[in-house]
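These notes are about the structure you will find just below.
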Amino acid sequence: MATVAEVQRKVHNILTSEFGSVTVDKDGAFRFPYQSTVVNVSVEDFGDNETLVKLDGLIALDSKSGAAVYEWCNQQNVAIAFGTVVHMESGKNNLTIIKHAILGDFLDPAELFTALRGIVFLADELDDKFISKFGGKRYEDI
13 MATVAEVQRK VHNILTSEFG SVTVDKDGAF RFPYQSTVVN VSVEDFGDNE
63 TLVKLDGLIA LDSKSGAAVY EWCNQQNVAI AFGTVVHMES GKNNLTIIKH
113 AILGDFLDPA ELFTALRGIV FLADELDDKF ISKFGGKRYE DI
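Residue numbers (our numbering): 13 to 154.
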């Protein structure tokens, strides 16, 4: 099966063929700002011989937390067909994202672009709804 480095190169080639250039952060993730949000695309090991391509779209940073937030996330997860909305508590720096993963070993461009579009559009749609209820900051507010 493919290594993380091989799949990272493949993801990079697919993305640059579509977008011309991409931003790579210090951890090797590809970053895509869109409207009020950003999506990170990263590659990691999955099991002994496989890789995952992970997509995480920022919904909110530094929001309130509690049962109502988790209930809202669960309601979104029931309503959407693509991705999972997750809220993580970390003191004041709470983080809410929408995430999705696809297998990297046999990745094709259409699959990656479909996942990227799905996550970026949902994150951009959900960030305003979430922040109006629970506060916090969107990517464009940081």
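By construction, the Cβ of each residue, glycine as well, lies at the ideal position given by its N, Cα and C atoms.
Rounded to whole angstroms, what's the CA-CA distance from residue i to residue j? Just pull it up for me.
{"i": "Val90", "j": "Ile131", "result": "16 Å"}
{"i": "Leu128", "j": "Val36", "result": "16 Å"}
{"i": "Ala79", "j": "Ser48", "result": "26 Å"}
{"i": "Thr108", "j": "Phe42", "result": "19 Å"}
{"i": "Glu147", "j": "Arg21", "result": "Strictly speaking, residue 147 in this sequence is Gly, with Glu absent from that position. Approximately 38 Å, taken between the alpha carbons."}
{"i": "Thr15", "j": "Glu62", "result": "7 Å"}
{"i": "Glu137", "j": "Asp60", "result": "36 Å"}
{"i": "Val34", "j": "Lys76", "result": "32 Å"}
{"i": "Pro121", "j": "Ala17", "result": "17 Å"}
{"i": "Asn86", "j": "Lys145", "result": "15 Å"}
{"i": "Arg150", "j": "Asp139", "result": "6 Å"}
{"i": "Lys104", "j": "Ser29", "result": "39 Å"}
{"i": "Phe44", "j": "His112", "result": "15 Å"}
{"i": "Gly83", "j": "Leu119", "result": "Gly is not the amino acid found at residue 83; the sequence shown has Glu there. Answer to the nearest angstrom: the Cα atoms are 34 Å apart."}
{"i": "Ile143", "j": "Val81", "result": "11 Å"}
Quick test of your reading: residue i and residue j, contact by CB under 8 Å. State the CB separation rounded to the nearest angstrom.
{"i": "Phe58", "j": "Leu64", "result": "4 Å"}
Tell me residue i's beta-bridge partners as DSSP assigns them.
{"i": "Met100", "result": "Leu107"}
{"i": "Gly130", "result": "For Gly130, which the question treats as bridged, DSSP gives no partner whatsoever."}
Does the distance from the CB of residue i to the CB of residue j come in under 9 Å?
{"i": "Val51", "j": "Leu70", "result": "yes"}
{"i": "Ile92", "j": "Ile114", "result": "no"}
{"i": "Val53", "j": "Leu124", "result": "yes"}
{"i": "Val19", "j": "Asp153", "result": "no"}
Just mark residue i as buried or exposed, buried being the case when its beta carbon has 16 or more other beta carbons within 10 Å.
{"i": "Asp39", "result": "exposed"}
{"i": "Asn25", "result": "exposed"}
{"i": "Asn106", "result": "buried"}
{"i": "Gly32", "result": "exposed"}
{"i": "Asp94", "result": "The identity of residue 94 in the sequence shown is Phe, whereas the question assumes Asp. Exposed, by the Cβ-count rule."}
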